[in-house]
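**Q** Have a look at this one.
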Amino acid sequence: TLEIHESVGYADFALRRFYETAKTMPWFSDTLFVITADHTSKQEYAENDNIPGRFHVPLVMIYKDKALPFSPEVLRQPVQHADISATLLDLARFQMPESSHFGESLCRLSRRPGVIVYDFDGYHLIGKNSGLSWWRDDRTANFSVLSPLGGNEKAESDQELIQYLKASAHYYNNGMVRNQLVW
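Each residue of the sequence shown is one higher than the one before, starting from 144 at the first, in my numbering.
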């Protein structure tokens, strides 16, 4: 076990108590609960010590005492925190834009090749079974979602994915600098 396990146990206890109390409140049946974490901790098992493992956090959405019925295909694809707001807007029947740079509703299958994360001066595209890393010095590498600390195979055959990753990073960085990010 790791030192953090005691804290995780307390958080689990606190969430359980909160939820038990919430179930007794009049607003419970009209409330969608979204529970997630904002970061991970040190990995206990080597098989989780990889790029996807460093970003893997729980995400639970509960309405009327039941988990939302997302399709099995959706549950097997990588998702990101930006997908939470897109999902909530979709559930509220808000008209979603046809194309979104920063989140897709979990109510339907994603059209993107994966989710993008930033870590240690590099961008990583995490797909369902594999991924692609691109560092600012223009090195690229493929990795397997299942391999520990992947990124050893030079990515030369994935030019389309490399361009997607670079374009997404460029769009995000310029939007942040200019305060012009558009959904």
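Heads up, the beta-carbon is just placed ideally off N, CA and C, and yes, glycines get one too.
Sort 279, 318 and 319 by Cα distance to residue 305 and report the nearest one.
**A** 279
**Q** Give the straight-line distance between the Cα atoms of residue 248 and residue 315, rounded to the nearest whole angstrom.
**A** C-alpha separation (whole angstroms): 19 Å.
**Q** Closest to residue 224 by CA distance: which of 210, 207, 201 and 216 is it?
**A** 201
**Q** Compute the Euclidean distance between the alpha carbons of residue 188 and residue 211, then round it to the nearest angstrom.
**A** 29 Å
**Q** Classify residue 291 as helix, strand or coil using the three-state DSSP reduction.
**A** Confidence is the limiting factor: at residue 291 the pLDDT is only 46, short of 50, which leaves the residue's position unreliable, though a coordinate-based value still follows. In this structure, residue 291 counts as coil in the three-state DSSP scheme.
**Q** Spell out the partners DSSP gives residue 207 in its beta bridges.
**A** None, per the DSSP bridge assignment.
**Q** For a test of the three-state rule: what should DSSP assign to residue 260, helix, strand or coil?
**A** strand
**Q** Assuming residue 206 and residue 175 make a contact with CB atoms under 8 Å, what is their CB distance in whole Å?
**A** Yes, they are in contact, since the Cβ atoms of residue 206 and residue 175 sit about 5 Å apart, within 8 Å.
**Q** Could you say which of 252, 209, 255 and 312 lies nearest to residue 331 if we only look at CA atoms?
**A** Since the first and last residues shown for the chain are 144 and 326, residue 331 lies out of range.
**Q** So residue 214 is in the beta strand (DSSP E); what residue range does that whole segment cover?
**A** Premise fails: residue 214 is in no beta strand (DSSP E) and is neither H nor E.
**Q** Is the beta carbon of residue 265 sitting closer than 7 Å to the one on residue 256?
**A** no
**Q** Going straight from the alpha carbon of residue 150 to that of residue 185, what length do you get?
**A** 13 Å
**Q** Determine the direct distance from the alpha carbon of residue 194 to that of residue 295, and round the result to whole angstroms.
**A** Caution is warranted here: a pLDDT of 48 is assigned to residue 295, below 50, making its placement in the model unreliable, and the coordinate value is therefore given only provisionally. Their backbone Cα atoms lie some 12 Å apart in a straight line.
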